[in-house]
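Engineer: Numbering (the UniProt record's numbering), first residue to last: 1 to 239. All C-beta atoms, glycine included, are put in the ideal place defined by N, C-alpha and C. Can you read through this structure? Questions will come right after.
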Amino acid sequence: MKNKRSQNSPYITPNSSYTTLEKALGYSFKDKRLLEQALTHKSCKLALNNERLEFLGDAVLGLVIGELLYHKFYQYDEGKLSKLRASIVSAQGFTKLAKAIALQDYLRVSSSEEVSNGREKPSILSSAFEALMAGVYLEAGLAKVRKIIQNLLNRAYKRLDLEHLFMDYKTALQELTQAQFCVIPTYQLLKEKGPDHHKEFEMALYIQDKIYATAKGKSKKEAEQQCAYYALQKLKEAK
Numbered sequence: 001m002k003n004k005r006s007q008n009s010p011y012i013t014p015n016s017s018y019t020t021l022e023k024a025l026g027y028s029f030k031d032k033r034l035l036e037q038a039l040t041h042k043s044c045k046l047a048l049n050n051e052r053l054e055f056l057g058d059a060v061l062g063l064v065i066g067e068l069l070y071h072k073f074y075q076y077d078e079g080k081l082s083k084l085r086a087s088i089v090s091a092q093g094f095t096k097l098a099k100a101i102a103l104q105d106y107l108r109v110s111s112s113e114e115v116s117n118g119r120e121k122p123s124i125l126s127s128a129f130e131a132l133m134a135g136v137y138l139e140a141g142l143a144k145v146r147k148i149i150q151n152l153l154n155r156a157y158k159r160l161d162l163e164h165l166f167m168d169y170k171t172a173l174q175e176l177t178q179a180q181f182c183v184i185p186t187y188q189l190l191k192e193k194g195p196d197h198h199k200e201f202e203m204a205l206y207i208q209d210k211i212y213a214t215a216k217g218k219s220k221k222e223a224e225q226q227c228a229y230y231a232l233q234k235l236k237e238a239k
């Protein structure tokens with residue numbers, strides 16, 4: 001999908017028709033302004049962006065996914081359920097679900113974010129997905145969100161179980177770097193911003209004093225996992 005930008009517009013505007021997105025989602029918004037807000041990143045510097053919706057969506061998705069896992073995996077204890085939920089309720093997990101509906105094609109981002117491939121960044125894409133689900137919740141309620149998430153999980157994952165869903169990227173990376181370089185990776189906090197209820201952490205990953213990856217997350221642990229994922233991909237490509 002080609003994005004159009006008027007000469008005087010400070011942001012990239014996607015195709016004005018959201019019909020394809022709504023069809024993939026399985027829900028048609030009554031208020032298209034709510035949908036547009038959910039797709040608008042703060043970099044656009046417009047009066048309304050998706051930050052508040054993202055805050056609500058995070059809570060809604062945590063509940064819905066927790067409930068789905070609770071009923072599906074009745075044999076799992078709290079520890080295993082927490083690992084499963086953490087793998088889905090994360091930037092990487094929500095990015096996977098967002099790409100199942102090609103959400104990146106509809107995001108409204110600034111020109112600078114467009115140039116830096118911002119619509120593909122997990123931090124931006126996952127936040128938009130949370131905001132989108134918040135919009136569905138506000139219009140149609142929890143039952144509709146539950147139905148959409150169940151459908152997307154089935155589409156995004158071949159198998160929904162602990163072995164295939166949960167991946168500890170930090171452990172996998174540590175095992176790889178010990179084998180290849182005889183060292184373990186280290187992590188450093190680069191930036192912390194936002195109020196206590198909505199923190200964002202940016203971490204850097206170092207291997208042999210060289211930065212291999214940076215990533216953002218809603219906790220240091222999530223950002224570190226994201227860093228480890230990027231570093232694993234980079235090391236695999238270098239082989």
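Our contact map puts A134 next to L53 with C-beta atoms below 8 Å; I'd like the distance itself, whole angstroms only.
Structural biologist: 4 Å
Engineer: Which of helix, strand or coil does DSSP assign to residue 241?
Structural biologist: Look at the range of the chain in this structure, 1 to 239, and you will see that residue 241 is not part of it.
Engineer: Quick check for students: name the residue ranges of the beta strand (DSSP E) that lie wholly in the UniProt domain "DRBM" (168 to 237), counting only runs of 3 or more.
Structural biologist: 186 to 193, 200 to 207, 210 to 217
Engineer: Which of the three DSSP states is assigned to V64 in this structure?
Structural biologist: DSSP places V64 in helix when its eight states are reduced to three.
Engineer: Where does K4 fall in DSSP's three states?
Structural biologist: Note that K4 scores 44 on pLDDT, short of 50, meaning its location in the model is unreliable; the coordinates nonetheless yield the value given after this. Three-state result, K4: strand.
Engineer: Please identify the residue among E192, E200, S219, K210 whose C-alpha is closest to the C-alpha of F181.
Structural biologist: K210
Engineer: Roughly how many angstroms lie between the CA atoms of G118 and Q92, to the nearest whole one?
Structural biologist: 15 Å
Engineer: Roughly how many angstroms lie between the CA atoms of R108 and L46, to the nearest whole one?
Structural biologist: Taking the straight line joining both Cα atoms gives about 10 Å.
Engineer: Shortest alpha-carbon distance to A98 belongs to which of V115, S127, K72, E78?
Structural biologist: S127
Engineer: Give a yes or no on whether the C-beta atoms belonging to K170 and E224 are separated by under 8 Å.
Structural biologist: yes
Engineer: For a test of your reading of the model: does the CB of L56 fall under 7 Å from any non-hydrogen atom of the ligand ATP? Yes or no.
Structural biologist: Looking for the ligand ATP in the displayed structure turns up nothing, as the structure carries no ligands at all.
Engineer: List the residues that DSSP assigns as beta-bridge partners of T40.
Structural biologist: Per DSSP, R108.
Engineer: Quick check on the DSSP output: the alpha helix (DSSP H) that includes S87 runs from which residue to which?
Structural biologist: 78 to 88
Engineer: Do you know how far the Cα of Y70 is from the Cα of E78?
Structural biologist: 9 Å
Engineer: Applying the criterion that 16 or more other CB atoms from any shown protein chain within 10 Å of the CB defines a buried residue, is Q104 buried or exposed?
Structural biologist: buried
Engineer: Under the assumption that A100 contacts L138 (Cβ atoms under 8 Å), give the Cβ distance between them as a whole number of angstroms.
Structural biologist: Their Cβ separation, rounded to whole angstroms, is 22 Å, which puts A100 and L138 out of contact at 8 Å.
Engineer: Go through its chain and collect everything with a Cβ distance to L132's Cβ below 6 Å, but skip five positions before and after it.
Structural biologist: A38
Engineer: May I have the straight-line CA-CA distance separating H197 from A59, to the nearest angstrom?
Structural biologist: 11 Å
Engineer: Work out the CA separation of G217 and S123 for me, nearest whole Å.
Structural biologist: Their backbone Cα atoms lie some 7 Å apart in a straight line.
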